[in-house]
Structures are given as structure tokens and as C-alpha cells.
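Residue numbers (numbering that gives the first Met the number 0), protein chains in the order written: chain A, 0 to 161; chain B, 0 to 388. Cβ atoms here follow ideal geometry from the backbone N, Cα and C, with glycine treated the same way.
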Amino acid sequence: MFTFRAVGVRVGKFFRDSGHLIRPAIVLLAGLGLFMVIRGAVVPKGFGQYGHYRPGALAAIRQHPVVYAGQATCVLCHEEEGKVRATGKHAHVACETCHGPLAKHADDPAANVPTLPAVATLCARCHEKDTAKPKTFPQVVTAEHSGGMACNDCHKPHNPHL
Amino acid sequence: MIPGVDGFMYPNEVELQWSVLIVLYPFVTGLVAGAFILASLERVFKVEAVRPTYRLALLTALSFLLVAPLPLQLHLGHPERSFEMYTTPHRSSAMAMFGFIYLWYLTVVLLLEIWLEYRSDIVRLAQSSKGFPRLVYQALTLGSMNVSPAARAIDDKVGYAVTVIGIPSAFLLHGYVGFIFGSIKANPWWSTPLMPIVFLFSAMVSGIAAVLLLYMASMKLKKWPIDMRCVDTIAKYLFYAFVIAFSLEMLDLIHRTYESDESFRSLDFMVHTRLWYSHVVLQIGVGTLIPLALLAANQLWKFSEAKRRVMYVTACSLTMIGIFAMRWNVVIGGQLFSKSFLGYTTYKVELVTREGLLAAIALMLLPFVIFFVLVKILPPWQETEAHKA
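Structure representation (C-alpha cells):
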């Protein structure tokens, strides 16, 4: 016989016997809650505002002092070297690729006189023979090619063509 | 000339980035997925004969699952940063998404299923044990002592549902490992959509073989009789899974050979030289054909119990070696050739480094330690077996 009472008893019994299932659910939710709390604490503020990174990183990077002046600045004073280089194959190799970062020198030339690059290692960095380099790029086996002489005994660094 | 390098390699290919630890990772995850599928045989597909290994399979899956991320962590220079994968996941990263699948599988599937299965034992032990173990068991009851038949009947239903959800989850778990390799389009040795499926079936093979070995070893240690009906049934399913796994691998091989794309000559050369032993001899010969033959023989003829036991142990042990070789050949093999297809490098396992052989051996032993502890806390032996003894 269907009575509301009978249904009520069955429902009550069901909840009594399945009540324990709530417990793992609570544990799971507690874990999830803990995760959210930790996440809130460790994820940097505004993460993802501009992309998948911390927006504060931009300001932090901006704090780094500028170390390269850029060759447009160099040629303001070193017009001669600029002209020589522009006529040779090194036209597209920027000054500071060989001379290193010289922003400080550009700001105050007299106080920061740069040391000249060490030719012995400089040229080989780009021109040492290596099968992985494109064939069209000028390369030499430096030891054989120079016969122990410095590269700039024959080549002028700013315009290397002989 | 760089030692170990033949022909032309790009500079970044000379040294392997993914070491033996990355070989362990798919191997261990595969055991998890495989063991769980075996457990589901009993639970969902009602294969009563494999009942004695049901709990054993669940505990095996849990022990290996807990260890699965460790090889990856050890491989990282900054393991602590790997948790950022959870806090700030990137949706385009397969690895980040895999982290969530892992968590889902660990908490919602495996731990829940084990808890439901063991609840009556936990409650019994919480009442009968003393001292510290009592506290542990009381904590494990999560505060509910209700193990009335009606409550257990509900547990059984929910456990069934969890297993049903668990099967696709286990598939996802290991399919994903295959996906991580299969989706690397720059590497022709890996990049095939078959990869997740091949991984999945080899996972089932290794997981079933592992549980079978663990079961027989446990019985031996306990000096209890081995339930031959159970072992025969598992061996039968192992055979089925193996046939599918092998066919898929051969399909992949035939497909590659027939297609013979620009990478083929290079890969073919590699299989005939550097990978000859690990691929052709170990993986295909010793690790697949011999165990397949042993298992097939058991489907065709009837052997004595003692013979069957020896055959199964041999077949399963060789299978484990074969599947490990398969992971090795995928992970290491994929890094031995140059993307220019003009050269080959070698991999030399280091010994005592962070990613060396000792670390790998320790990581491989760890699941067995965990398994041992788990078996102590949650004895998987059913009363019936204890009576038989």
C-alpha cells in the first residue's frame, strides 16, 4: 500500500545508510578549499592580465639598467668608424656585437674608456668553420687560415675585405 | 668528431634531454592503468574468477600512481615549480592538463574506490586494534562507523559507479601519456595518432602481468594455495590484451614501412643498428613473441598446474621486460637520430647522478615499498582465502 508515511520511512532510511558518503565528499571539498587558499596566496597579483605571466614582471624588467646604447648613438661621435663599416661586409654587424655593451661609455666617454675587443677570440666566434652553418657564410679553419697571425694583421675589423 | 656521434647532429641533439627517468614515467603510469582495468574486470564486467586479485590490483594501482610523478619531478631542475602547473595552468600545455587528470584519477577514482571497498575492514580494524594503528584506522573511517548491510549495499552501488567512471579515466590517464609523445610533431618516431592507443594497450598488458606476478608472489610468501581458476582467467585476458597491443604495434610498423616518408630510412637504419637489441630482440622477440606463444599455448592445450605456473611467471616476467623495452625504445629511441636524418647519437646511462641508474632503480623499488605498507594497513586477503590456508 502506498502511503506518504511509508515513503518517508524509506527516504529516511536511505539517508541514514548513505550518510557516510558525505564524508569523502567533505574531505574532497576541504582539499579543494585548501588548494584555493594556497592558490590565492601563491599566485602573483593580476596574473594573466596581459598574458600568461605576472604583470609585475614588466615593471621589474624595466628596472634593469640599460647596458646597450645602440649603434645609432655610437656613430654620432664615431662617424669615421661608422662610414668605414657601412662600406664593408660587416655593415650589418652592430658595433656592440663586437665591442660589447657600452651604454655607460656613450653617456660619459671620458670616464669610461672601453677596452678594445680581443681579436684572437672575437673573429673565430662567428667565422670558425662549422658544418652546421649555411655554406654561403664566409668561414675559415682559423688555425690553418691565419697561420698564427692575428686576424687584424690582414683584415680590418670594420671592413674585413682585403 | 664528438664521441658517440655518427654523421651529422645539430648541436642540441648530441646530448639526450630525456633520460631513463622519462622512460620510467610511462612505464609506471602504464602499470597503474593496467592494474585498474584488471580490477574493473571483476567489478564492472563481473568476471568472478578474478575476485582474489581485485583488492590487490587496486593497491597496486595506488602504489604505482603515487610514484608516477616522481621521475618527472626528479628530472626537473626546479621540481618545486612544477606545482605552478596546478596554480596557473596553461591550457595549451598537455602536461598541465595531465596534472589534473592525474589528480582526478587519484582522488575521485582510486582513493574513493579503495575506501568504499575497504570500509567494513577499516571499521572492524578501528574497533579491534589498539594504540597508534587504532588512531590511523579511526581517521580512515572518516568518522562513520555505519557498516550495516544496507549501507554496504549502497557502497557497492557507488563503488560500481566509480569503477564505471574509472575505466574511461584510466584510459584517459594512460592515453594521455601516449598523447604527450604522439603530439610532438617535430619527432617522426613519436608523432602518430596511434601512439595513445598503442600506449594504452601496452599499459593494460603490463598492468595485468604485474598484478598476476604480485598475486603469485604474495601467495608464495604467505604459503597459501594459488587460485588457479583466477590465474588462468587473468592469463586469458592478458593474452587478449597482448594480441591487441601487438597487432596495433605491428599496424604502426607496417604503416610506417609502407608509407616510407622522408624519415623512414633514418628510423629503419636506427632499428637495425642502435635499437636492434632493445627493439627487435628484447621488445619484439623476448618481450612479446615468447610470452605470446606461452599464453597462446595455454589457450590451446591443457598443461598441469605446476607447468602453468612456471609458464605464467615466465610469460609475465618477460612481458614486463618487453614493455619496459618498448617505453625505452619510444623515449630514448626518439632522441637518438638527428632531425636532419643524417646522423645518430648514443645514450649512456649515468650511475649516481640525479637522473642516473641508481635513481631509476630506487624509483622502481619505491612502489613496492608503498605496496608493502599498503598491504599491511589494508590487508587485501579475503576471509575465504584465509580459511583455505
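Checklist line | Proximal residues of chain B, C-beta to C-beta of A/Val83 below 8 Å | finding: Per Cβ cutoff of 8 Å: no residues; A/Val83 is ~34 Å from chain B at best.
Checklist line | When A/Val6, A/Ser17, A/Val10 are compared against B/Asp155, the one with the closest alpha-carbon | finding: A/Ser17
Notebook entry, point to check: Using 8 Å as the Cβ pair cut-off and three pairs as the minimum, do the region 43-52 of chain B and the region 90-108 of chain B touch?
Noted result: no
Check: For the region 138-157 of chain B, which residues have a beta carbon sitting closer than 7 Å to at least one beta carbon of chain A?
Finding: Leu141, Gly142, Ser143, Asn145, Ser147, Ala149, Ala150, Ile153, Val157
Note to self: Along the region 40-51 of chain A, where does the CB come closer than 9 Å to a CB of chain B? Name the residues.
What the structure shows: Val41, Val42, Pro43, Phe46, Gly47, His51
Checklist line | Members of the region 13-28 of chain A that neighbour chain B once the beta carbon cut-off is set at 9 Å | finding: Phe13, Arg15, Asp16, Ser17, Gly18, His19, Leu20, Ile21, Arg22, Pro23, Ile25, Val26, Leu27
Check: B/Gly206 and B/Met194 look like a contact to me (Cβ under 8 Å); what is the Cβ gap, rounded to whole Å?
Finding: About 18 Å; that fails the 8 Å criterion.
Notebook entry, point to check: Helix, strand or coil: how does DSSP classify A/Gly147 here?
Noted result: Note: A/Gly147 maps to coil in three-state DSSP.
Note to self: Taking the alpha-carbon of B/Thr140 as reference, which of A/Pro23, A/Phe3, A/His154, A/Gly11 has the nearest alpha-carbon?
What the structure shows: Looking from the CA of B/Thr140, the closest CA among A/Pro23, A/Phe3, A/His154, A/Gly11 belongs to A/Pro23.
Check: Quick one: any contact between the region 72-85 of chain B and the region 125-141 of chain B, if contact means 3 or more CB pairs under 8 Å?
Finding: no
Notebook entry, point to check: Apart from the five residues just before and just after B/Ala150, which ones in its own chain have a Cβ nearer than 7 Å to its Cβ?
Noted result: none
Next item on the list: Using only alpha-carbon positions, find the residue among A/Ala40, A/Leu57, A/Val41 that is nearest to A/Gln48.
Entry: A/Leu57
Notebook entry, point to check: Which residues in the same chain as B/Met310 place their Cβ atom closer than 6 Å to its Cβ, once the five residues preceding and following it in sequence are excluded?
Noted result: The beta carbon of B/Met310 is closer than 6 Å to those of Leu293 in its chain, skipping five residues each way along the sequence.
Notebook entry, point to check: Do you know how far the Cα of B/Ile253 is from the Cα of B/Pro290?
Noted result: Using only the alpha carbons, I get a separation of about 22 Å.
Margin query: Does B/Trp188 pass the burial test, meaning 16 or more other C-beta atoms within 10 Å, or should it be called exposed?
Written below: buried
Margin query: In the DSSP assignment, the alpha helix (DSSP H) including B/Arg123 goes from what residue to what residue?
Written below: 111-127
Notebook entry, point to check: Are there 16 or more other CB atoms within 10 angstroms of the CB of B/Ala359, so buried, or fewer, so exposed?
Noted result: buried
Check: Considering only residues of the same chain and omitting the five flanking positions on each side of B/Thr162, which have a CB-CB separation below 7 Å?
Finding: Ser39, Arg42, Val43, Glu112
Margin query: Once DSSP output is grouped into helix, strand and coil, what is the label at B/Glu261?
Written below: coil
Next item on the list: Would you mind reading off the limits of the alpha helix (DSSP H) that contains B/Trp103?
Entry: 93-103
Next item on the list: Let me know the secondary structure DSSP gives B/Phe336 once reduced to three states.
Entry: strand
Item checked: Separation of B/Gln282 from B/Trp114, as counted between CA atoms -> 37 Å
Check: Where DSSP assigns a beta bridge to A/Val163, which residues make up the other side?
Finding: The displayed coordinates of chain A run from 0 to 161. Any statement about residue 163 of chain A would go beyond what the structure contains.
Next item on the list: Measure the C-alpha to C-alpha separation of A/Cys153 and A/Val118 and round it to an integer number of angstroms.
Entry: Whole-angstrom Cα-Cα distance: 12 Å.
Margin query: By the 7 Å beta-carbon criterion, what residues does the region 95-124 of chain B contribute toward chain A?
Written below: Thr106, Leu111, Trp114
Next item on the list: Figure out for me which residue from B/Tyr175, B/Ser127, B/Ile166 has the closest Cα to the Cα of B/Ala95.
Entry: B/Tyr175
Next item on the list: Could you tell me whether any non-hydrogen atom of ligand 2 is closer than 8 Å to the CB of A/Gly30?
Entry: Among the components modelled here there is no ligand, and therefore nothing to report on ligand 2.
Margin query: Just to confirm my understanding: we take A/Pro43, look at its own chain, exclude 5 residues before and 5 after, and list those with CB closer than 7 Å. What are they?
Written below: Arg53, Gly55
Next item on the list: State the beta-bridge partners of A/Lys103 as determined by DSSP.
Entry: DSSP lists no partner for A/Lys103.
Check: For a contact meaning CB atoms closer than 7 Å, what does A/Arg38 contact in chain B?
Finding: Thr86
Next item on the list: Would you verify that the beta carbon of B/His89 is, or is not, closer than 9 Å to some beta carbon of chain A?
Entry: yes
Next item on the list: Mind the definition here: the region 7-19 of chain B touches the region 334-344 of chain B only if three or more C-beta pairs lie below 8 Å; say whether that holds.
Entry: yes
Note to self: On the DSSP bridge list, what partners appear for A/Lys155?
What the structure shows: A/Lys155 is bridged by DSSP to A/Asn158.
Item checked: Residue-chain proximity (B/Pro2, chain A), Cβ-Cβ < 9 Å -> So no, B/Pro2 is outside the interface.
Checklist line | Where the alpha helix (DSSP H) containing B/Arg80 begins and where it ends | finding: Careful: B/Arg80 lies outside any alpha helix (DSSP H) and carries neither H nor E.
Notebook entry, point to check: Among the residues of its own chain, which have a CB less than 6 Å from the CB of B/His386, if the five just before and after it don't count?
Noted result: Low per-residue confidence applies at B/His386: pLDDT is 47, beneath 50, and the placement is therefore not dependable, though the value from the model is reported in the following sentence. Nothing meets the Cβ criterion.
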